[in-house]
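Student: Take a look at the following structure, please.
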């Protein structure tokens, strides 16, 4: 291998004219430097060495060798460079194996064949370089590695931070997009809700408008329309319930729904659908209470609440719809009074609040007229109501109720109040059928009050009431209330004429009405009854028989003929007529508790009692009391029937009920004759009855009649000493 290296140096010098390493440089390095150069440095390739020769030496070479150095360099750059450099390889493994192999490769070059030598690879060159600069490369590698690791770490951190930032940005962007979508969805939902609520309010407003039209009081009592009204009410309630269940979340919609519910309650009341009216009133109050509980200062909600309580309170007055109807009425009316008073404080300029407060007050007074006529609160309430309405907001009801309270104690002032009520009624700018009907009824009330002290004025008022009633029956035939008002006023007027000694004029009034009006069976029946009063019962029976033949389905004809039969002593025929009248009423679906049906049951109860058919009496009176629990005078009649049957505990219970309802009605104590009471075989009953007598006298301690009544009872019971004390 050393020979090969030497041959390579020789060939290098032959080609380039110089040694692989510059002699001058080597001489300056010394032996160690010389060895280091030989060991570590690679000599430049021959082609490169020739290209770097300085001008003088290059010219000398060209002159001595007779060659073109540029051409030689181009030749050397290829195979010959490789052959020389392979011979000069420091790595023996990469040199030619021997001089012969070296010579063979030179020969192949000269013959133009492919040589074994080839340029060193990049890897080899790098390896050679690394060996020469091992320390520097090691330090550089360490530095580079540190830099690379640091850069890698920094880069990784930067990449991670960038990724995290990108993720955060993407999350924020996604969140913003989601929030934007949520806002858009919420806005869309709100817009949809507003549109929905607007549509729902419009639907309720349309329903309210429909109820306003069909609930016109002028139409409410027309019999032919009752089935239609019932259908409208059922459909409206069903729609309202379904509507509030599906859409009744918004306060605005709930408010409109409550208004409609209140209107449905009033409509049901006006069209005599009492159980539905009671339910609707209760629900309207509950819904109004809920609205006010959420927004206590909302004026419209408070107005609705007050209106609902007032309407419900007036509805329950003297209604048999519930056993505690009167207590419900009192509670609602008191609450309505307080609510309207607070509304007046909130809106001092709103006179309607003040007027409605007055309505609540005099409605309470009217309730007491039915439950406890002598209660001093009745007058106080009526005075307060009148004071509230005596100026710019005059109210006929306030005048009339106060006049009722003082009719006996202060008749002159009552006269003025009744006249004021009439004046207010007559001044109504747009009277309806109901208001005209109310005016006719009021004329009859005032006429009755004035009849003893102002007979001429009273007569004129009765005539006015009859004209109004006649016109109402003509314009709206078949309305029961109009007929009842007309018959009542006719009866009162005819009684007045009879008292004045003008019986024929009374008969003429009926004759004229029958000629001028359409045939109204009730008027004909009243006419026949009047005839019966002044002629024989037999003539009355004939008159009613003719009427029955002409109109066999009219139950009042049978009622009046039964009265004539009773007067003639034919009680069996009287009971037969009453049974027929009840059957006709049931077939026609007459409303329970209406005046004709009530009269029929009461008359049958009276006749049955005369015939000692006491259970029939009890059953009929119970039926009427179921309709009208405030008919307190009926309890003593039922007590008498219980007593005759030996049901003494029930008899005593009914006497207590009658006195509780009307403490001033002392006839409860003597309705059953004191002699019968004293002869009762039940000692407990006798003792309890005497205790009831003492309690009643104590409650009426200022009444001489109470003491006289107890004295009569004590005499019958044989207690002469106590009776004398009462009489003294």
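In our numbering, the protein residues as written are 3 to 730. Cβ coordinates follow ideal geometry from the N, Cα and C atoms, glycine included.
1) Identify, in the order they occur along the chain, each residue of the same chain with its Cβ nearer than 6 Å to the Cβ of residue 726, setting aside the five sequence neighbours on each side.
2) Could you tell me the alpha carbon to alpha carbon distance between residue 260 and residue 646, rounded to whole angstroms?
3) Closest by CA to residue 426, which one among 415, 392 and 413?
4) Quick check: the Cα distance between residue 327 and residue 317, rounded to an integer number of angstroms?
5) Could you say which of 663, 651 and 649 lies nearest to residue 627 if we only look at CA atoms?
6) Would you mind sorting residue 33 into buried or exposed? The rule is 16 or more other CB atoms within 10 Å of its CB.
7) With C-beta atoms as the reference, is residue 542 less than 8 Å away from residue 566?
8) Is there a C-beta anywhere in chain D that falls below 8 Å from the one on residue 9?
9) If you run the structure through DSSP and keep just helix, strand and coil, what is residue 355?
10) Could you spell out the range, first to last residue, of the alpha helix (DSSP H) harbouring residue 53?
11) Which first and last residues belong to the alpha helix (DSSP H) in which residue 401 is found?
12) Confirm, please, whether the CB-CB distance from residue 440 to residue 1 is below 8 Å.
13) So residue 663 is in the alpha helix (DSSP H); what residue range does that whole segment cover?
14) In the DSSP assignment, the alpha helix (DSSP H) including residue 565 goes from what residue to what residue?
15) Using 10 angstroms around the beta-carbon of residue 656, count the other beta-carbons present and answer buried if the total reaches 16, otherwise exposed.
16) Roughly how many whole angstroms lie between the Cα atoms of residue 47 and residue 19?
17) Does the segment 355-365 come close enough to the segment 337-344 to have 3 or more Cβ pairs within less than 8 Å?
18) How is residue 111 classed by DSSP in three states: helix, strand or coil?
19) Using the Cβ count rule (16 or more neighbours within 10 Å means buried), how would you classify residue 376?
20) Taking the C-alpha atoms as reference points, what is the distance between residue 262 and residue 301?
21) Take residue 687 and list the residues in its own chain whose beta-carbon comes closer than 8 Å to its own, dropping the five residues that flank it on each side.
22) Could you give the DSSP three-state label for residue 673: helix, strand or coil?
23) Using only alpha-carbon positions, find the residue among 569, 174, 98 and 459 that is nearest to residue 538.
24) With burial defined as no fewer than 16 other Cβ atoms inside 10 Å of the residue's Cβ, what is the status of residue 99: buried or exposed?
25) To the nearest whole angstrom, what separates the beta carbons of residue 680 and residue 719, a pair I think is in contact under 8 Å?
26) For a quick check, are the C-beta atoms of residue 616 and residue 603 less than 8 Å apart?
27) Mark residue 529 as exposed unless 16 or more other C-beta atoms lie within 10 angstroms of its C-beta, in which case mark it buried.
28) At which residues does the alpha helix (DSSP H) containing residue 466 begin and terminate?
29) With residue 711 and residue 671 assumed to form a contact (beta carbons below 8 Å), what rounded beta-carbon distance in angstroms separates them?
30) Give the straight-line distance between the Cα atoms of residue 87 and residue 30, rounded to the nearest whole angstrom.
31) DSSP on residue 633, reduced to helix/strand/coil?
32) Could you tell me if the beta carbon of residue 722 falls within a distance shorter than 7 Å of some heavy atom in the ligand MG?
Tutor: Reading off the structure:
1) No residues qualify anywhere along the chain.
2) Near 53 Å, if we compare the C-alpha coordinates of residue 646 and residue 260.
3) Nearest C-alpha to residue 426: 392.
4) Residue 327 and residue 317 have their C-alpha atoms some 9 Å from each other.
5) Minimum Cα distance to residue 627 is reached at 663.
6) Flag for residue 33 reads exposed.
7) Cβ atoms of residue 542 and residue 566: closer than 8 Å.
8) No chain D appears in the structure shown, which is made up of a single protein chain.
9) In this structure, residue 355 counts as helix in the three-state DSSP scheme.
10) Per DSSP, residue 53 belongs to the alpha helix (DSSP H) from 48-53.
11) Counted as a single uninterrupted DSSP element, the alpha helix (DSSP H) harbouring residue 401 occupies residues 398-408.
12) Only positions 3 to 730 of the chain appear in the structure, and residue 1 is not among them; the question remains open.
13) Start and end: 650-663.
14) Residues 557-570.
15) Buried: at least 16 other Cβ atoms inside 10 Å.
16) Looking at the two C-alpha atoms, the distance is approximately 13 Å.
17) The segment 355-365 makes contact with the segment 337-344, as at least three CB pairs between them are under 8 Å.
18) Residue 111 falls in the helix class under three-state DSSP.
19) Counting of Cβ neighbours within 10 angstroms places residue 376 among the exposed residues, the total staying below 16.
20) Each residue's CA atom was taken as its position, placing residue 262 and residue 301 some 18 Å apart.
21) Same-chain partners within the cutoff: 650, 651, 653 and 654.
22) In this structure, residue 673 counts as coil in the three-state DSSP scheme.
23) Of the residues 569, 174, 98 and 459, the one whose Cα lies closest to the Cα of residue 538 is 569.
24) Residue 99 comes out exposed.
25) Indeed, because the Cβ distance is near 5 Å, the residues count as touching under 8 Å.
26) It is not a contact, given that the beta carbons lie outside the stated cut-off.
27) When all chains shown are included, residue 529 counts as buried.
28) Looking at the DSSP string, the run of the alpha helix (DSSP H) that includes residue 466 is 457-477.
29) Right, the Cβ-Cβ distance comes to about 6 Å (below 8 Å), so this counts as a contact.
30) Residue 87 and residue 30 have their C-alpha atoms roughly 25 Å apart.
31) Assignment of residue 633 by DSSP, reduced to helix, strand and coil, places it in the coil class.
32) Absence of the ligand MG is noted for the structure shown, with no ligands found whatsoever.
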